[in-house]
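S.K.: Have a look at this one before I ask anything.
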Amino acid sequence: MIFSLDRLLGRRRSASPAAFQAFLDRQAAFVTQKTVIDYCRVKAGRTERELFADPDFQAALRHCRWQTFGATVQDVVALAEAWLRPHAAGHESALATGLARLGAAILDGAPAPPEEREALDAGRDALPRHLAQLQEAPPLAANRLPLLADAPLLATLPIHPDQRVGETPSIRGALRFHIVSTQQEMERGFDAAALARELSAG
């Protein structure tokens, strides 16, 4: 007989949309922060302290993080849609609507400075259409899902392109790794079938 470790430890997976929204918010922030900061630290090497203390670098870093965060929210919501869709047969559109609502709340609630708000608002407005397009094909696994964060991440990384020649695959690989890890955390923390019902019910 096979036992669930969560069951043995007394943990119950959540079906709360509010808890799921908080999870997606945390993960989008973590994926963004981890991908951007880790890369910059590796590139800085022994000059990390000086680089991170530079006001111009800090401004560029903040811009990169907000631009990437707006797209990463869309990516983690799309990841959730692919994971939950098999449990929402016949209610796929309602599921997408429920998830888009969570994503919109995350983006609207983000404490972005005024100069970054336009990108987050655009992501919020594009999310329903993005989910609808994804639903035109079978759900994709985390390692195959197209990532909207790719473009703003690579466009705004505060390391000059001349200093990261040939490193695009590793940057994308780090982003993908954290997205895959997000799905694993999702599976551990939430009851897919029950959560899909809650989100589809509005």
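In short: position in the sequence shown from 1, add 25, done, that's my numbering. All C-beta atoms in this analysis are idealised placements derived from N, C-alpha and C, irrespective of residue type, glycine included. Everything numeric in this text was worked out from a predicted model, so none of it was measured.
1. Looking only at its chain, what residues have a beta carbon closer than 6 Å to the beta carbon of Pro-177, apart from the 5 residues adjacent to it on each side?
2. What residue range is occupied by the uninterrupted alpha helix (DSSP H) comprising Gly-128?
3. By the three-class DSSP mapping on this structure, what secondary structure does Ser-41 have?
4. Can you confirm whether the stretch 69–86 touches the stretch 119–128 when touching is taken to mean that 3 or more C-beta pairs between the two stretches lie within less than 8 Å?
5. Applying the criterion that 16 or more other CB atoms from any shown protein chain within 10 Å of the CB defines a buried residue, is Phe-28 buried or exposed?
6. Applying the criterion that 16 or more other CB atoms from any shown protein chain within 10 Å of the CB defines a buried residue, is His-185 buried or exposed?
7. In whole angstroms, what separates the C-alpha of Pro-194 from that of Phe-82?
8. For Ala-144, which residues in the same chain have their Cβ closer than 6 Å to its Cβ, ignoring the five residues on either side in sequence?
M.R.: Based on what the coordinates show:
1. Gln-92, Thr-93 and Ala-96
2. Element bounds for Gly-128: 117–134.
3. coil
4. no
5. With a pLDDT of only 47 at Phe-28, under 50, the local geometry of the prediction cannot be trusted, and no value is derived from it.
6. exposed
7. 23 Å
8. If we look at Ala-144 and ignore the five residues flanking it on each side, its Cβ neighbours are Gln-92 and Gly-95.
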